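For reference, the structure discussed in these notes is given below.
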Amino acid sequence: MSERHDIVVVGGGIVGLATARALLAALPHTSVAVLEAERRWGAHQSGHNSNVIHSGIYYEPGSLKAAMARVGGELMIRYCQEHGLPVARTGKLIVATADSQLAPIAELARRGRQNGVTLREIGGAEVSELEPSVRAIAALDVADTAITDFGAVTRSYAEELAEQGGAARLGARVLAIETRGDGIVIRTEQDELEAAVLVNCAGLASDLVARMSGTDPGVRVQPFRGEYSSLAQRAGTTVHRPIYPVPDPELPFLGVHITPGIDGSVHVGPNAVPAFSRAGYRWRDIDPGTTAQWVRDPAMRRLARSYWRDGAREMLRSLAKPMLVADVRAMLPGVRSGDLHRDGAGVRAQAVDDSGRLVDDFVVRTSPRAVHVLNAPSPAATSSLLIGRYVAALAREAYDGTPAPNLRVLIEAFGSESP
Ligand SMILES: Cc1cc2nc3c(=O)[nH]c(=O)nc-3n(C[C@H](O)[C@H](O)[C@H](O)COP(=O)(O)OP(=O)(O)OC[C@H]3O[C@@H](n4cnc5c(N)ncnc54)[C@H](O)[C@@H]3O)c2cc1C
Numbered sequence: 001m002s003e004r005h006d007i008v009v010v011g012g013g014i015v016g017l018a019t020a021r022a023l024l025a026a027l028p029h030t031s032v033a034v035l036e037a038e039r040r041w042g043a044h045q046s047g048h049n050s051n052v053i054h055s056g057i058y059y060e061p062g063s064l065k066a067a068m069a070r071v072g073g074e075l076m077i078r079y080c081q082e083h084g085l086p087v088a089r090t091g092k093l094i095v096a097t098a099d100s101q102l103a104p105i106a107e108l109a110r111r112g113r114q115n116g117v118t119l120r121e122i123g124g125a126e127v128s129e130l131e132p133s134v135r136a137i138a139a140l141d142v143a144d145t146a147i148t149d150f151g152a153v154t155r156s157y158a159e160e161l162a163e164q165g166g167a168a169r170l171g172a173r174v175l176a177i178e179t180r181g182d183g184i185v186i187r188t189e190q191d192e193l194e195a196a197v198l199v200n201c202a203g204l205a206s207d208l209v210a211r212m213s214g215t216d217p218g219v220r221v222q223p224f225r226g227e228y229s230s231l232a233q234r235a236g237t238t239v240h241r242p243i244y245p246v247p248d249p250e251l252p253f254l255g256v257h258i259t260p261g262i263d264g265s266v267h268v269g270p271n272a273v274p275a276f277s278r279a280g281y282r283w284r285d286i287d288p289g290t291t292a293q294w295v296r297d298p299a300m301r302r303l304a305r306s307y308w309r310d311g312a313r314e315m316l317r318s319l320a321k322p323m324l325v326a327d328v329r330a331m332l333p334g335v336r337s338g339d340l341h342r343d344g345a346g347v348r349a350q351a352v353d354d355s356g357r358l359v360d361d362f363v364v365r366t367s368p369r370a371v372h373v374l375n376a377p378s379p380a381a382t383s384s385l386l387i388g389r390y391v392a393a394l395a396r397e398a399y400d401g402t403p404a405p406n407l408r409v410l411i412e413a414f415g416s417e418s419p
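Shown next as structure tokens:
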């Protein structure tokens with residue numbers, strides 16, 4: 001007889017584990033399992049990112065991202081402090097290095113204030129006082145930003161899940177999903193499980209898992225590799241807080257930034273190179289299915305037409321170190337080519353809609369017995385405690401009919417609770 005659970009979560013990244021943990025907190029007598037394909041938690045996006053707890057400055061006022069980032073960031077800082085996880089409230093600077101960036105940075109300040117973010121507009125002289133290695137003509141000094149280790153946070157969620165009595169299974173890649181009678185049958189590499197409700201938090205494979213379960217995801221996931229380089233620390237290259245460029249408002253990526261890690265190292269990145277595999281950590285990782293998607297899918301052809309200029313630039317910068325060095329030197333003029341060394345990459349799961357647009361906001365879809373998280377880009381790690389509770393409330397509705405509260409009500413309530 002196959003193992004039976006009330007709710008099965010596919011994907012042991014920070015979102016899946018936060019959801020499972022929230023489900024068990026709300027429904028301690030239900031049986032919840034998390035199935036993770038890899039042999040460790042957070043093996044993909046959750047363990048390969050910039051580790052920045054975002055403030056919510058960038059996001060369209062009224063969007064899910066904006067609503068979740070500010071409260072979610074505060075919750076994340078408290079969670080790290082209460083669980084003895086590394087965290088430092090460094091603040092960050094978003095720097096304008098050319099006159100053409102002054103209007104966009106003023107717009108960003110306006111957006112940030114609308115989203116309730118604590119920030120100051122400062123001039124170049126004050127930038128030099130705060131960060132002597134950085135050159136800028138103006139900047140936003142954002143107080144609510146922090147750095148952490150999201151891989152450690154993900155593992156902490158997994159430990160809590162096990163303590164709460166959840167079944168946490170590594171090496172359990174889901175291969176097929178079938179609706180049978182009043183339940184869902186989930187086939188993994190080793191065995192079959194049954195569940196009343198399925199929660200899909202499969203990140204880079206979330207559209208595939210939705211299709212497996214018979215749901216049209218309405219989006220396709222395109223992998224974008226973000227490559228990092230380590231930055232040697234010496235006079236002229238030292239920074240004390242994350243330094244970000246003014247982002248391109250047309251793209252859902254923040255631009256190559258300079259980020260001090262919680263371990264004292266400093267990294268530059270990530271760029272946004274279209275990848276040809278969902279595990280496209282290197283140029284040579286090419287998967288025929290992902291590559292064919294660019295040719296066969298009309299939405300991807302539309303994306304290629306609108307994104308080719310930015311995409312080509314990102315690819316060139318990935319291959320030509322002098323371009324990367326020039327971009328970093330615009331913010332940190334003391335940097336020399338020899339200071340930068342390739343050091344790992346992450347692959348973003350970026351949803352693309354039918355019109356070929358890169359979807360900016362979180363996307364969560366429900367069907368009678370399932371909840372699918374189809375776009376959980378940055379700042380989903382920052383907001384994971386909130387996203388987890390939101391997805392858990394939707395899963396509970398599918399499980400026992402308790403209506404999921406309105407999102408704003410949910411956020412207000414969570415903001416005043418313990419993480
Ligand atoms: C380069 C980069 C920089 C970023 N920087 C930041 C940042 O500074 N701050 C921030 O807040 N966010 C940042 N993000 C975003 C953040 O990392 C992600 O939003 C978050 O980690 C998403 O978590 P997830 O659980 O949805 O996905 P993942 O961590 O990718 O987890 C999905 C899991 O599902 C598993 N899976 C897939 N298919 C199956 C299957 N068939 N069966 C079982 N398991 C399966 C995968 O193995 C994986 O472990 C960054 C992301 C990247 C890539």
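Heads up: the sequence shown begins at 1 in UniProt numbering, then just goes up one per residue. The C-beta atom is built at its ideal place from N, Cα and C for all residues, glycine as well. Note that the coordinates shown come from a computational prediction; the quantities given were computed from them, not determined experimentally.
Of the listed residues the options, nearest to residue i (C-alpha basis)
i, options, result
"V209", "A20, A398 and A37", "A37"
"G311", "Y399, A167, G255 and A176", "G255"
"L204", "S2, Y281 and S383", "Y281"
"S156", "R284, R39, E82 and G344", "E82"
"Y390", "R21, T179 and V347", "R21"
"E126", "V273, N115, A138 and A330", "A138"
"F150", "G226, T118, L17 and A279", "L17"
"D263", "S230, F253, E250 and S277", "S230"
"E194", "A404, V8 and E160", "V8"
"Y244", "A370, K65, G356 and A330", "A330"
"V325", "L198, H257 and R369", "H257"
"A232", "H341, E189 and P333", "H341"
"D184", "R408, L407 and A398", "The identity of residue 184 in the sequence shown is Ile, whereas the question assumes Asp. Ranking the options by Cα distance to I184, first place goes to A398."
"L27", "T402, E412 and H240", "T402"
Helix, strand or coil at residue i according to DSSP, with G and I counted as helix
i, result
"T148", "strand"
"F414", "helix"
"D99", "helix"
"I105", "helix"
"S156", "helix"
"S50", "coil"
"G123", "strand"
"V117", "coil"
"G85", "Just to set this straight, residue 85 is Leu in the shown sequence, not Gly. DSSP places L85 in coil when its eight states are reduced to three."
"Q293", "helix"
"L170", "coil"
"Q164", "coil"
"A312", "helix"
"V409", "helix"
"A304", "helix"
"A176", "strand"
heavy atom of ligand 1 below 7 Å from residue i C-beta
i, result
"H54", "yes"
"E115", "Looking at the sequence provided, one finds Asn at residue 115 rather than Glu. False, no ligand heavy atom lies under 7 Å from that Cβ."
"V347", "yes"
"G280", "no"
"P104", "no"
"H48", "yes"
"S378", "yes"
"R173", "yes"
"I14", "yes"
"P270", "yes"
"G203", "yes"
"T382", "yes"
"D45", "In the sequence as presented, Asp is not what sits at residue 45; that position holds Gln. Result yes, Cβ under 7 Å from ligand 1."
"L251", "no"
"N375", "no"
Residue interval of the alpha helix (DSSP H) (run including residue i)
i, result
"G388", "S384 to D400"
"V325", "K321 to M331"
"Q81", "L64 to E82"
Opening and closing residue of the beta strand (DSSP E) in which residue i lies
i, result
"V359", "Careful: V359 lies outside any beta strand (DSSP E) and carries neither H nor E."
"T215", "Neither: T215 is in no beta strand (DSSP E) and is coded neither H nor E."
"V352", "L340 to V352"
"S367", "V363 to S367"
"H44", "Counting along the chain, H44 falls outside any beta strand (DSSP E), and DSSP gives it neither H nor E."
"V335", "Careful: V335 lies outside any beta strand (DSSP E) and carries neither H nor E."
"A370", "A370 to N375"
"V142", "A138 to V142"
Proximity test, residue i beta-carbon vs ligand 3 heavy atom, cut-off 7 Å
i, result
"F150", "For ligand 3, the structure offers nothing, since it holds only ligand 1."
Within-8 Å CB hit, residue i to chain D
i, result
"C80", "You won't find chain D in this structure, because it holds only one protein chain."
For the region 178 to 212, list the beta strand (DSSP E) runs that are entirely contained and at least 3 residues long, ordered along the chain. 183 to 188 and 192 to 200
Within the region 219 to 289, note down every full beta strand (DSSP E) run reaching 3 residues or more, in order along the chain. 220 to 231, 243 to 245, 257 to 260 and 266 to 269
Could I get the ranges of all uninterrupted beta strand (DSSP E) runs contained in the region 3 to 34, with 3 residues as the minimum, in chain order? 3 to 10
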